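First to last, the protein sequences are chains A and B.
Numbering of the first sequence is given in this note's numbering, commencing with residue 7 and proceeding in unit increments.
Numbering of the second sequence is given in this note's numbering, commencing with residue 7 and proceeding in unit increments.
Yeah, the Cβ is synthetic: ideal placement off N, Cα and C, and Gly gets one too.
Because the structure is a prediction, the values reported are computed rather than measured.
Notes follow the structure.
2 protein chains.
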Amino acid sequence: MSGDAPPKEIIKGAIQALQETEGMDLSITLVGDEETNKSHVTHLKSGTASSRISFLHAPHTISMEDTPTKAVRNNPDSSLVKGIKHLSDESEIFISSGNTGAVVAAALFNLGRIPGVARPGLAGITPTVKSGSVVLIDIGATTDASPENLAQFGVMGNAFAKNVLGKEEPKVGLLNIGEEQSKGNKLTKKTVSLIHKTDLQYIGNVEPHLLLTEPPADVVICEGFAGNILIKAFEGGAEGTLGFFKQALRSSLRAKLGGLILRPTLKKLQNQLNYSQFGAVPLLGVKGIVFVAHGRSGARAIKNAILNARQASRWDLPGKIESEMERIDFSE
Amino acid sequence: MSGDAPPKEIIKGAIQALQETEGMDLSITLVGDEETNKSHVTHLKSGTASSRISFLHAPHTISMEDTPTKAVRNNPDSSLVKGIKHLSDESEIFISSGNTGAVVAAALFNLGRIPGVARPGLAGITPTVKSGSVVLIDIGATTDASPENLAQFGVMGNAFAKNVLGKEEPKVGLLNIGEEQSKGNKLTKKTVSLIHKTDLQYIGNVEPHLLLTEPPADVVICEGFAGNILIKAFEGGAEGTLGFFKQALRSSLRAKLGGLILRPTLKKLQNQLNYSQFGAVPLLGVKGIVFVAHGRSGARAIKNAILNARQASRWDLPGKIESEMERIDFSE
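Following this line, the structure appears as structure tokens:
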């Protein structure tokens, strides 16, 4: 209920996901105003998919403007909180395109943290030109993170890259403003000594400009504020480049002709770079499988989020993170 | 001497700048190993440009790996420190593609701060698709900046946008991870109340993804670490998009044909997006005109840096920043 797109778009994505998995083990509970949701399902011609949809009524909505902790405490009847509670009771996966901070707060209150984890991290996954992908953690769950938080993000991101992306010995780097060890701020400098206490294959500082082309690491640790700026700047850099390109395509007759011929290629590229392809990113460190989708997520993003998240229930990532955490002692 | 490109490249750029300004008031002092520099000038066929080149011998070099403050203190004979000292004595502009932190430290020690300015800020300038440009301050001079530092970056960036970019009443925003006022970290939240003590035309939080396409502000305040990540992620986002695009151009015969026709357009686009077009960015808040060029700057970037910086001596930006600072009281 609390994403930037109308509920109808979200429900459309859910129905599409069910239609693409006909005969498979997927059912969806729509959490929100029951009457609204039911009428959308009826009007959207969901066909046989509707038999795999159930409804959980939640009369309230937490908005993007709400202060996360307070909103979660004061709104036990919101779709976001009821959805997370449903996860701890009955469902296997929870997906939301709502207020990220509120999802994190609700997950912490109702699911709790994996033993040993101080703060959860959102693991972003970016495609790379070279092939393969890079895990960026944290991209916005925990702002004002401590060095210990960052080292733990590394451990969780490593578990994700190993178990989900199938990388055998992931290389782990630290997001920084220079390659050299002397570069960075107080936080990055303190973090390095803690990372050395882990058995991560640590390769040092990683700068943003190489991440999409020739990433030197499989997992990049970042503080939530900087990580969120990073991922949104990649998005902006891609949108800006496409914008400049489209402008250039109007600059001459020759360019216009080339643009016409390349129209299908450009469409494919735009799709490839669009966040809706990935759908949603996992919140690591809490006891449960929680995915956060982009606030602007429409039907396509939600469909992909559901299909990708569906794979997640097989990984038992919370269990794997727990056993990794047990092996590490961050104390001085 | 201390950039990532060899001195020969830097000198080539300097000679090109002199050649493009023949008959105009520009002369250049090359600071570094005098013998090396002289032999490059001789071999690079500088022609009449050589009469406007002088040499300042500096036997030492501060490297990218050096810790800024220590390196500046211990190396009074480095090209970087001697260059900054030359600025306070004789020259009007100093340009370096060396260690950014060391340039900042040397400028603080030898030129000093403009009265009222607590920390200097590097003002990045990004082009936008819509037209015009956006000033991002700070993009890496001051990491671990305080709320007061950030509010002052706003004042300095505003003076820059007004006096240099000719914007009458610049709109000023704060880089953040959400549009809503409740979003952000401790630093951004504390900064907002200080910004309200200025007479800046403050428009609130600004997210990275809109900056290159439809920027809501003319000046964006950011902490140095996040600002540096932002600018390098834009660079990476552009490089990544071009990389994916080139990949797509090999995917079919039709795409190959389109790519062939668009080759000149793509070349122009790549140039437009390349940092070397802008050359260098000004360090605001110190008593003197200091420009920092990208570490990777080659001849083209250095030439553009010199030509752009040459305009700067007319602005008297240090004087304008000083009078803006006098009007503001940040104390509680």
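- Counted as a single uninterrupted DSSP element, the alpha helix (DSSP H) harbouring serine 319(A) occupies residues 305-321.
- In summary, the residues of the region 135-150 of chain A whose CB is separated from some CB of chain B by less than 7 angstroms are Val135, Gly146, Thr149 and Asp150, in the order they occur in the chain.
- With a cut-off of 8 angstroms on Cβ pairs, the region 121-130 of chain B is not in contact with the region 204-218 of chain B, counting fewer than three such pairs.
- Glutamine 276(A) sits in a helix when the DSSP states are folded into three classes.
- The Cβ atoms of leucine 206(B) and phenylalanine 336(B) lie no closer than 8 angstroms to each other.
- Annotation: Cβ neighbours of leucine 217(B) in chain A (cutoff 7 angstroms, chain order): Gly242.
- For glycine 246(A), the uninterrupted alpha helix (DSSP H) segment begins and ends at 230-254.
- DSSP lists Leu180(A) as the bridge partner or partners of asparagine 211(A).
- With fewer than 16 other Cβ atoms from the protein chains shown falling within 10 Å of its own Cβ, threonine 48(B) counts as exposed.
- Cβ contact annotation for leucine 32(B) (same chain, cutoff 8 angstroms, sequence separation greater than five): Ala23, Leu24, Arg58, Ile312 and Arg316, in chain order.
- What threonine 27(A) touches in chain B, judged by beta-carbon distance under 9 angstroms, is nothing: the nearest beta carbon there is about 29 angstroms away.
- The beta carbon of phenylalanine 250(A) sits closer than 8 angstroms to some beta carbon of chain B.
- Annotation: glutamate 330(A) to proline 324(A) spans about 10 angstroms, alpha carbon to alpha carbon.
- Rounded to whole angstroms, glycine 184(A) and serine 45(A) show a C-alpha spacing of 54 angstroms.
- For the alpha helix (DSSP H) assignment, the uninterrupted runs of no fewer than 4 residues enclosed by the region 29-105 of chain B are, from N- to C-terminal side, 40-49, 74-80 and 85-95.
- In this structure, Gly104(B) is the residue among Gly104(B), Thr204(B), Thr54(B) and Leu248(B) with its C-alpha nearest to the C-alpha of alanine 11(B).
- Nearest CB-CB separation between arginine 79(B) and chain A: not below the 8 angstroms threshold.
- Taking C-alpha positions only, alanine 147(B) is separated from isoleucine 235(B) by approximately 12 angstroms.
- A residue is called buried when at least 16 other Cβ atoms come within 10 angstroms of its Cβ; methionine 7(A) meets this threshold and is buried.
- The Cβ of glycine 246(B) sits closer than 8 angstroms to at least one Cβ of chain A.
- Residue contact with chain A for threonine 73(B): present (Cβ-Cβ distance below 8 angstroms to some residue of chain A).
- Closest in C-alpha terms to asparagine 314(B), from the list Leu86(B), Ala299(B) and Asn164(B), comes Ala299(B).
- With the rule of 3 Cβ pairs closer than 8 angstroms, the region 79-86 of chain A does not count as touching the region 242-255 of chain A.
- Residue contact check for arginine 119(A) against chain B: no CB pair falls below 8 angstroms.
- Taking every protein chain shown into account, the CB of lysine 273(A) has fewer than 16 other CB atoms within 10 angstroms, so this residue is exposed.
- By the neighbour-count criterion, in which a residue is buried when 16 or more other Cβ atoms sit within 10 angstroms of its Cβ, glutamine 158(A) is buried.
- Taking a contact to require three or more Cβ pairs closer than 8 angstroms, the region 225-242 of chain A and the region 139-146 of chain A qualify as touching.
- The continuous beta strand (DSSP E) containing valine 140(B) extends over residues 139-143.
- For a Cβ distance threshold of 9 angstroms, nothing in chain B lies close to phenylalanine 61(A): the least Cβ distance comes to about 29 angstroms.
- Inter-residue distance for leucine 171(B) and glutamate 328(A) is about 54 angstroms (C-alpha atoms, whole angstroms).
- DSSP, read as helix, strand or coil, puts alanine 157(B) in helix.
- Residue-level contact check: alanine 232(B) touches chain A, since one or more beta carbons of chain A fall below 8 angstroms from its beta carbon.
- Contact residues of the region 173-205 of chain B toward chain A are Leu181, Asn182, Ile183, Gly184, Glu185, Glu186, Gln187, Ser188, Lys189, Gly190, Asn191, Lys192, Leu193 and Thr194 (C-beta to C-beta distance below 9 angstroms).
- For the pair alanine 113(B) and lysine 88(B), the CB atoms are not nearer than the 8 angstroms cut-off.
- In chain order, Leu268 and Thr271 make up the part of chain A whose C-beta sits under 7 angstroms from the C-beta of alanine 261(B).
- Proximity to leucine 218(A) across Arg306(A), His202(A), Ser319(A) and Thr134(A) peaks at Thr134(A), based on C-alpha coordinates.
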